[in-house]
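Under the working numbering, read the sequence shown as residues 187 to 441, first letter to last. All C-beta atoms, glycine included, are put in the ideal place defined by N, C-alpha and C. This report refers to the structure that appears directly beneath it.
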Amino acid sequence: TLSTSDDDDGIIPTARDLTPGKDVKAQNIFTNYRYPDQILVGTNQRNPKVFDMYRCYYKTGELVLDTINPGDVIGWKVEDVSFEVRAATVRNSVDSSTTVRVRSRAGSIDIDSDDDNEEVGGKDTEWRDVFHYPYGEEGGLINFCPDDGKTGYITSSLGRETTALLKVDMMTGETIEEIYCNEKANVGGITLQRDTKELRAITYNYARTERVFYDDELEKDYEFLKSTAPDSEMEIGVASRSLDEMKWVVAYSSS
């Protein structure tokens with residue numbers, strides 16, 4: 187369940203259920219600073235067996251069906267500028283392979299249709315199977331680039347022993363650039379600049395978490411965090427940062 191609370195002038199806030207209904211669950215929650223009053227959230231309120239994506243206007247509680255799950259989608263990705271659901275991760279029940287489907291635009295739901303599974307729109311709203319990972323391979327879509335989703339970042343172990351970070355064409359699936367690969371470990375966390383999506387840092391874990399920096403200022407920030415750690419051998423985990431990056435929520439842990 188997804189809930190929010192009202193600010194009652196310092197009184198204990200009252201929680202409001204934004205995904206009401208018996209046995210309704212919520213997952214795949216997306217927020218976007220460009221759309222401060224909206225949340226994209228997956229719920230199973232239409233069909234208990236699958237999670238569709240809904241657009242929630244959390245101040246009013248309005249919940250609008252945004253993207254229908256045909257039954258095989260296990261995860262979604264959102265293009266930041268438009269705040270549209272543009273990608274879906276699909277699990278094949280026959281061979282346990284994984285496919286990433288992509289569309290160029292979001293469709294709309296035809297509420298008057300006899301088929302409650304119908305989304306309408308032009309050709310650019312049609313889903314395309316772009317990236318395929320056979321059973322045993324690893325990878326997935328990380329994010330879209332700020333070019334209306336024409337290119338993006340994926341991880342992939344295809345043709346290698348560990349996952350690499352790749353920049354790819356989202357129409358054809360072709361690799362534009364291999365950005366990073368480590369023969370000892372998979373690519374881990376990836377930090378992108380919020381607007382430009384330029385790469386800022388990559389983590390990988392081989393005995394302990396290591397970082398490769400592409401942003402000098404971010405590297406300085408981590409050096410400062412390391413200098414203030416209770417123990418110099420502790421690992422640094424960043425839970426969140428404010429929009430201006432002046433406030434960080436940080437966790438230190440022993441490896």
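What are the boundary residues of the beta strand (DSSP E) that includes residue i?
i, result
"LYS164", "With the chain covering only 187 through 441, there is no way to say anything about residue 164."
"ALA425", "421-427"
"GLY325", "325-330"
"TRP313", "Neither: TRP313 is in no beta strand (DSSP E) and is coded neither H nor E."
"ALA437", "434-439"
"ALA510", "It is not possible to answer for residue 510, since the shown part of the chain is limited to 187 through 441."
"GLY338", "337-342"
"THR200", "It is not in any beta strand (DSSP E) - THR200 carries neither H nor E in the DSSP assignment."
"ASP252", "248-253"
"TYR170", "Since the displayed the chain opens at 187 and closes at 441, residue 170 lies outside it and no answer follows."
"THR205", "Taken as a continuous stretch (DSSP letters only), THR205 belongs to no beta strand (DSSP E), as it is neither H nor E."
"THR285", "284-288"
Counting C-beta neighbours from all protein chains within 10 Å, is the total for residue i 16 or more, i.e. buried, or is it exposed?
i, result
"ASP430", "exposed"
"GLY293", "buried"
"GLU270", "buried"
"PHE410", "exposed"
"MET239", "buried"
"GLY247", "exposed"
"GLY257", "exposed"
"VAL280", "exposed"
"SER290", "buried"
"THR205", "buried"
Which one of the options has the shortest CA to CA distance from residue i?
i, options, result
"TYR339", "THR382, PHE399, GLU419, ASN218", "THR382"
"LYS208", "PRO234, PHE216, TYR221, GLY228", "PRO234"
"ILE215", "TYR243, ALA201, ARG232", "TYR243"
"THR229", "TYR392, ALA212, PRO416, THR361", "ALA212"
"ALA371", "THR358, THR361, ARG346", "ARG346"
"CYS331", "ARG232, ALA425, LYS353, SER279", "LYS353"
"SER428", "ARG380, LYS412, TRP313, THR414", "ARG380"
"GLY325", "THR311, ASP334, SER342", "SER342"
"ASP334", "SER268, SER426, ALA415", "SER268"
"PRO416", "SER439, ASP407, VAL435", "SER439"
"VAL286", "SER426, GLY261, GLU363", "GLY261"
"ASP407", "TYR392, VAL424, ILE362, THR311", "VAL424"
"TYR392", "SER426, GLU369, GLU363, GLN231", "GLU369"
CB residue i to CB residue j, shorter than 8 angstroms?
i, j, result
"VAL398", "ALA387", "yes"
"GLU266", "LEU226", "The sequence given here places Asp at residue 266; Glu does not occur at that position. It is not a contact, given that the beta carbons lie outside the stated cut-off."
"ASP315", "THR337", "no"
"ARG277", "VAL288", "no"
"PHE237", "ASN218", "no"
"ILE376", "LEU351", "yes"
"THR348", "CYS367", "yes"
"ARG202", "GLN224", "no"
"THR275", "VAL250", "no"
"LYS452", "LEU327", "This structure does not reach residue 452, given that the chain is present from 187 up to 441, and the question cannot be answered."
"THR395", "GLU419", "no"
"TYR319", "THR284", "yes"
"TYR221", "SER282", "no"
"LEU385", "ILE365", "yes"
Using a Cβ-Cβ distance cut-off of 8 angstroms, determine whether residue i contacts chain D.
i, result
"THR395", "Given the protein chain composition of this structure (a single chain), no chain D is represented."
Quick one: which unbroken beta strand (DSSP E) runs of 3-plus residues sit fully inside the region 352-419? Chain order, please.
361-367, 373-378, 385-392, 394-399
In chain order, what are the residue ranges of uninterrupted alpha helix (DSSP H) at least 4 long that sit wholly in the region 210-235?
none
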